[in-house]
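Engineer:
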Amino acid sequence: METWFSILGWSLSILTITGNGFIICLVGRRRRLRTRTNAFIVSLAAADFCVGLSNFPSLYVCEEIVGCDPKAFLASGVDYLRWLFGYASVTNLCSLVLERYVAVVKPLRYWTFMTRKRVLQMFVISWTIPVVLVLVFLLNGLVFRETLLFKVLILILMSFLEFLPCCSLIFCFASMYYVVYKHERAARILAKQLRFNQRFCFKIQEKSAVKIMAIVIGLFLVTYSFALRCSFIYILNDDEKPCDDQEYKIPLLVLNSVVNPFAYAVFKRDINMEMTRYICCVMCTKRNRTEPIDENNSFILHSYNKMETWFLILDWSLSILTINGSIIFIVCSRRRLRTKTNAFIVSRAAADFFFGLSTVPSLFFCQEGD
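Numbering (the working numbering), first residue to last: 1 to 370.
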């Protein structure tokens, strides 16, 4: 793998694993977060967590063991693993958007439609579809080795897990945006009628859900447009040659999984509140050792605004990117890179590595120890 590809890949993988793992732990630890919507978010976060584990780390292991020969079984196994969790992320995202679509567009039917049994069925379907398709691909690659069957499977995969999700997500987002636009317009008219000499403020509750969907769906469409291109190449090409686009398709796939937890943290009200509450508890521990902190205390929640929350998230993200040590590892593992210029680069990277360890993590442990 090229140097920039390795640096970008490992950085995005670390952010994907850290962000989605934090969302899973946060929802799992807080009983008040165990709602139907957050259940879909946890399922999607689990798929994105596996996407972070199955892309760049598996490619690195493949390259170090067999040199990523396309005909080798391990390389094919890496591809199948990447397909499995990538398309599991697609199906779980469709389930999440469908749940939000029913909640925003048809709110009166939400509680009768989204029952516990229906939610469980959607979970099972979201994980069963990619598992079955990948198993069929694996069976064809190991046993039958039929080119025509391979192209038929690619066509099915492109239709049901690439093209159809893109169209359905666009339709759901357009419907939610139209409903929110009508509500906001009606609220503005009502505000003008009620506002005589006083300022009347209003806020549409469904607007945050639409913002989440806009960010997640937008990046999803960009990512899987390249997947559609690759599927067309597989179908139209008689030689079964790969697309040779992993240098920009795989980083986009991992970036799609990185954005999701940060979008939830900004616009999902209950998750944002729990993150603020958790950070406030950590920051107030030093001042309030003698008195337990009431998690429902509104004064603590309002004393720290969202900017402080995002400064802490940004600090930890930059520290993780600083201490990943990818430059040091790449230069030391490649004999051709052991030049005089790269020696200075490694020395600088070592200094930056320890700088990343000595700033935010050390301050956090210092604050926890006091």
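Cβ coordinates follow ideal geometry from the N, Cα and C atoms, glycine included.
For F354, count neighbouring Cβ atoms within 10 angstroms of its own Cβ and tell me buried if that reaches 16, exposed if not.
Structural biologist: As a working note, residue 354 is residue 354 in the sequence shown. Result: exposed.
Engineer: State the DSSP-derived secondary structure class of T115, mapped to helix, strand or coil.
Structural biologist: Stepping through the sequence shown from its first residue, residue 115 is reached at position 115. Three-state result, T115: coil.
Engineer: What number of angstroms, rounded off, separates the C-alpha of L96 from the C-alpha of A103?
Structural biologist: Here residue 96 corresponds to residue number 96 of the sequence shown, with the count starting at 1. Here residue 103 corresponds to residue number 103 of the sequence shown, with the count starting at 1. When rounded, the distance between both Cα atoms is 11 Å.
Engineer: Within its chain, find whatever has a CB closer than 7 Å to the CB of A263; leave out the 5 residues flanking it on each side and keep chain order.
Structural biologist: As a working note, residue 263 is residue 263 in the sequence shown. I212, I215, V216, listed in sequence order.
Engineer: Beta-carbon of P107 versus every beta-carbon of chain D: anything under 8 Å?
Structural biologist: Checking the listed chains, one finds no chain D in this structure; it contains a single protein chain.
Engineer: Between L169 and F113, which are expected to be in contact by the criterion C-beta below 8 Å, what is the C-beta distance as a whole number of angstroms?
Structural biologist: Translated into the one-based positions of the sequence shown, residue 169 becomes position 169. Translated into the one-based positions of the sequence shown, residue 113 becomes position 113. Rounded, the Cβ-Cβ distance is 19 Å, inconsistent with contact.
Engineer: When the Cα atoms are used, what is the spatial distance from L337 to R348?
Structural biologist: Residue numbering aside, residue 337 sits at position 337 when the sequence shown is read from its first letter. Residue numbering aside, residue 348 sits at position 348 when the sequence shown is read from its first letter. Cα to Cα, the separation comes out at about 15 Å.
Engineer: Distance check for S231 and E295, CA to CA, integer angstroms please.
Structural biologist: Walking along the sequence shown from the start, residue 295 turns up at place 295. Walking along the sequence shown from the start, residue 231 turns up at place 231. Here E295 scores only 47 on pLDDT, less than 50, and its place in the model is too uncertain to base an answer on.
Engineer: So is the beta-carbon of V119 under 7 Å away from any non-hydrogen atom of the ligand COA?
Structural biologist: This structure lacks the ligand COA; in fact it carries no ligand of any kind.
Engineer: Taking a contact to mean a Cβ-Cβ separation below 8 Å, would you say I250 touches L26 in this structure?
Structural biologist: Taking the first residue of the sequence shown as 1, we reach residue 250 at position 250. Taking the first residue of the sequence shown as 1, we reach residue 26 at position 26. For I250 and L26, no; Cβs fall outside 8 Å.
Engineer: Taking the C-alpha atoms as reference points, what is the distance between L98 and F40?
Structural biologist: As a working mapping, residue 98 is identified with position 98 in the sequence shown. As a working mapping, residue 40 is identified with position 40 in the sequence shown. Their backbone Cα atoms lie some 10 Å apart in a straight line.
Engineer: Excluding five sequence neighbours on each side, which residues of the same chain lie with their C-beta closer than 7 Å to the C-beta of V105?
Structural biologist: To locate residue 105, count along the sequence shown from 1; it is residue 105. Here the set comprises S175, M176, V179.
Engineer: By a C-beta neighbour count over all protein chains shown, 10 Å radius and 16 as the cutoff for buried, is P107 buried or exposed?
Structural biologist: Position 107 of the sequence shown, counted from the first residue, corresponds to residue 107. With fewer than 16 other Cβ atoms within 10 Å, it is exposed.
Engineer: Could you check the C-alpha separation between F267 and N260 for me, to the nearest Å?
Structural biologist: Residue numbering aside, residue 267 sits at position 267 when the sequence shown is read from its first letter. Residue numbering aside, residue 260 sits at position 260 when the sequence shown is read from its first letter. The alpha-carbon of F267 is positioned some 11 Å away from that of N260.
Engineer: Our contact map puts T16 next to G52 with C-beta atoms below 8 Å; I'd like the distance itself, whole angstroms only.
Structural biologist: Numbered from 1 along the sequence shown, position 16 holds the residue referred to as residue 16. Numbered from 1 along the sequence shown, position 52 holds the residue referred to as residue 52. 3 Å between Cβ atoms; contact.
Engineer: Around the C-beta of C332, are 16 or more other C-beta atoms found within 10 angstroms, so that it is buried, or is it exposed?
Structural biologist: What you label residue 332 is simply residue 332 of the sequence shown in a count that begins at 1. By the 10 Å Cβ count, C332 comes out exposed.
Engineer: If I follow the unbroken alpha helix (DSSP H) through G52, where does it start and stop?
Structural biologist: Here residue 52 corresponds to residue number 52 of the sequence shown, with the count starting at 1. G52 -> alpha helix (DSSP H) spans 36-54.
Engineer: Quick check on the burial criterion: 16 or more other C-beta atoms within 10 angstroms. Buried or exposed for W10?
Structural biologist: The residue you call residue 10 lines up with position 10 of the sequence shown. W10 is buried by the Cβ-count criterion.
Engineer: Assign W83 to one of two classes, buried (16 or more other C-beta atoms within 10 Å of its C-beta) or exposed (fewer than that).
Structural biologist: As a first step, residue 83 must be located in the sequence shown, where it is residue number 83. Counting the other Cβ atoms within 10 Å of the Cβ of W83 gives 16 or more, which makes it buried.
Engineer: Under a three-way DSSP split, which group does E274 fall into?
Structural biologist: Stepping through the sequence shown from its first residue, residue 274 is reached at position 274. Of the three classes helix, strand and coil, the one that applies to E274 here is helix, per DSSP.
Engineer: Give the C-beta separation of S54 and L12 to the nearest angstrom, bearing in mind that I take them to be a contact with Cβ-Cβ under 8 Å.
Structural biologist: The residue labelled residue 54 in the question sits at position 54 within the sequence shown. The residue labelled residue 12 in the question sits at position 12 within the sequence shown. With a Cβ gap of about 13 Å, S54 and L12 do not count as contacting.
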